[in-house]
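Start counting the sequence shown at 564; every next residue gets the next number (the working numbering). C-beta: ideal position from N, C-alpha, C; glycine also.
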Amino acid sequence: MKMNKMKLFPMIPSSKSWFLSFVLALMVLVVTLSHLFDQTKRSPNTVSYNPHLQPRKAPSKGPNAPPVLAYWILGTRGENERVMRLLKAIYHPRNHYLLQLDSSASQFERLELSSLTQSELVFEQYGNVDVVGKSYAVNPMAASGLAAVLHAAALLLRLRDDWDWFVPLSTSDYPILPQDDILYAFSLLPKDVIFMGYNNATSFQKRHSASKIVVDPSLYLKKKASIYYTKETREKPDAFEIFGGSPWMVLTRGFLEHCVNGLDNLPRKLLMYFNNVVFPLESYFQTVLCNTPHFQNTILVNNDLRHTLHTDSSILPRAIFVTPFRQDDPRMQEIDEKLLNRGHGRFVPGKWCNQTGLVNESRLSDRSDQDLCSMGGDIDVVQPTNQGIKLQEFFLRAVGEKNMASSQCGSYVMHEATKVKM
Numbered sequence: 564m565k566m567n568k569m570k571l572f573p574m575i576p577s578s579k580s581w582f583l584s585f586v587l588a589l590m591v592l593v594v595t596l597s598h599l600f601d602q603t604k605r606s607p608n609t610v611s612y613n614p615h616l617q618p619r620k621a622p623s624k625g626p627n628a629p630p631v632l633a634y635w636i637l638g639t640r641g642e643n644e645r646v647m648r649l650l651k652a653i654y655h656p657r658n659h660y661l662l663q664l665d666s667s668a669s670q671f672e673r674l675e676l677s678s679l680t681q682s683e684l685v686f687e688q689y690g691n692v693d694v695v696g697k698s699y700a701v702n703p704m705a706a707s708g709l710a711a712v713l714h715a716a717a718l719l720l721r722l723r724d725d726w727d728w729f730v731p732l733s734t735s736d737y738p739i740l741p742q743d744d745i746l747y748a749f750s751l752l753p754k755d756v757i758f759m760g761y762n763n764a765t766s767f768q769k770r771h772s773a774s775k776i777v778v779d780p781s782l783y784l785k786k787k788a789s790i791y792y793t794k795e796t797r798e799k800p801d802a803f804e805i806f807g808g809s810p811w812m813v814l815t816r817g818f819l820e821h822c823v824n825g826l827d828n829l830p831r832k833l834l835m836y837f838n839n840v841v842f843p844l845e846s847y848f849q850t851v852l853c854n855t856p857h858f859q860n861t862i863l864v865n866n867d868l869r870h871t872l873h874t875d876s877s878i879l880p881r882a883i884f885v886t887p888f889r890q891d892d893p894r895m896q897e898i899d900e901k902l903l904n905r906g907h908g909r910f911v912p913g914k915w916c917n918q919t920g921l922v923n924e925s926r927l928s929d930r931s932d933q934d935l936c937s938m939g940g941d942i943d944v945v946q947p948t949n950q951g952i953k954l955q956e957f958f959l960r961a962v963g964e965k966n967m968a969s970s971q972c973g974s975y976v977m978h979e980a981t982k983v984k985m
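This is the structure:
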């Protein structure tokens, strides 16, 4: 049946044509917002680029240049401020940063996080901050937590081709060293050094049981859910040996390429197995490393570079992060003031950013007494403090002991891990 185009809105008088214009404009707005939400879901990078700003040169790479670190920060509902605080505390133009909120956060919060990063001229100038638009449930003690880490690694491998080490973080982590110290400490290390804590057989077996089968509903539900144990059990695997340790680690690009691509199929087989294991982040990467002949000559440092608040503070000099912090923990402010020299809402000073220009990093601020963080600094030069020098000395001593994975993995579940002394 034919329809008269002039009578699509027969109830609207000609004198009310403004109403038709309003309706059409509203429809365009709805379509535009829907497209924006869809783009955010499909694109891993929601940070826009300002064509009026000149792109900065890529970080120098070479034997005398500082490394490039790839940081992943995972947050949840109501944690945008915590994500941004952690981001500014660990920011350096050489590095790459991937921010993500799990499905507990709303789509509005993801768009807000993207907007917050775009509002920082420093981030836009250097173009090294990305926001994941896709959302899914994440349970850190189950398989969905492991899947999220592998997803982040895969995205960073695709987005950036120049980083050396991968550092996964949550909003409960906080640095105790500025990036100049951390980059300096890593600068003399071979690019195949892995930092990975591991436990002895007794402590590991108390926490894990290969025969128990768990199910993680967060793998197939939109929102995070608790794991549950099945009545059935399974035999201990004999095709590979299970190893375990800390859920925190600093992994190399080459090792993560192996885990993501899995050309020998072992990483995929282990992923299927650890799908039904509790706390897989405490054993998956250790098991992949120790069962892969190609990585048997990898230097493995038994240190996850984390200090937990409930443990002995005497190991603090070996750490670069402290965990877990609650939101607005006053100790974080103390770290900002005494260890990072970081003002409220500001970046940590370093060779790349002069202290005189540490204010008004945000385009949204209209305070006249603020100025943009200096862009004149050298991103290829770091200026360490005494703590950074001590950390590098510790790294070099640990690497000098030639703790190859082939020998370390043999003692993973047999003996107490030997601690490197300061």
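| Query | Result |
| --- | --- |
| Beta strand (DSSP E) containing E804: first to last residue? | From DSSP, E804 is part of no beta strand (DSSP E); its letter is neither H nor E. |
| Run through the DSSP bridge pairs and tell me what K775 is partnered with. | T796 |
| With distance defined between alpha-carbon atoms, name the residue in R960, Y634, N865, F686 nearest to R717. | Checking the sequence, you will find Ala at residue 717 rather than Arg. Checked all of R960, Y634, N865, F686; the closest Cα to A717 is Y634. |
| Along the chain, which unbroken stretches of the beta strand (DSSP E) at least 3 residues long are found entirely within the region 611-688? | 632-638, 659-664 |
| For M647, is the classification buried or exposed, using 16 other Cβ atoms within 10 angstroms of its Cβ as the cut-off for buried? | buried |
| So the candidates are F818, E683, F957, A711; which of them puts its Cα closest to the Cα of K787? | A711 |
| Output yes or no for whether 9 Å exceeds the beta carbon distance between T850 and F818. | no |
| When burial is assigned at 16 or more other CB atoms within 10 Å of the CB, is F958 buried or exposed? | buried |
| With DSSP collapsed to three states, give me the class of M704. | coil |
| Straight-line CA distance for E956 to R797? | 46 Å |
| Just the C-alpha distance for Q890 and R645, rounded to the nearest angstrom, thanks. | 7 Å |
| From E683 to R960, what does the alpha carbon distance come to, in whole angstroms? | 39 Å |
| Going by alpha carbons, who is nearest to A700 out of L664, S677, V730? | L664 |
| From V695 to L833, what does the alpha carbon distance come to, in whole angstroms? | 26 Å |
| Whole angstroms is fine: what's the gap from F858's alpha carbon to A968's? | 7 Å |
| So, is T680 buried or exposed, given that buried needs 16 or more other C-beta atoms within 10 angstroms? | buried |
| Rounded to whole angstroms, what is the Cα-Cα separation between S789 and E964? | 42 Å |
| Just to confirm before moving on: does the CB-CB distance between I883 and A748 stay below 9 Å? | yes |
| Identify which residue in L649, N691, G638, G825 has its Cα closest to the Cα of Q896. | L649 |
| What are the boundary residues of the alpha helix (DSSP H) that R831 is part of? | 829-837 |
| Report the residue ranges of all alpha helix (DSSP H) runs contained in full by the region 728-757; include only those spanning at least 4 residues, in chain order. | 742-749 |
| For G940, which of G913, Q950, N949, V962 has the nearest alpha-carbon? | G913 |
| Using beta carbons (cut-off 9 Å, strictly below), is Q950 in contact with chain B? | No chain B appears in the structure shown, which is made up of a single protein chain. |
| What did DSSP end up calling S928 once you bin it into helix, strand or coil? | Residue confidence for S928 is low, a pLDDT of 48 falling below 50, so the modelled location carries little weight; the figure read from the coordinates is stated next. S928 falls in the coil class under three-state DSSP. |
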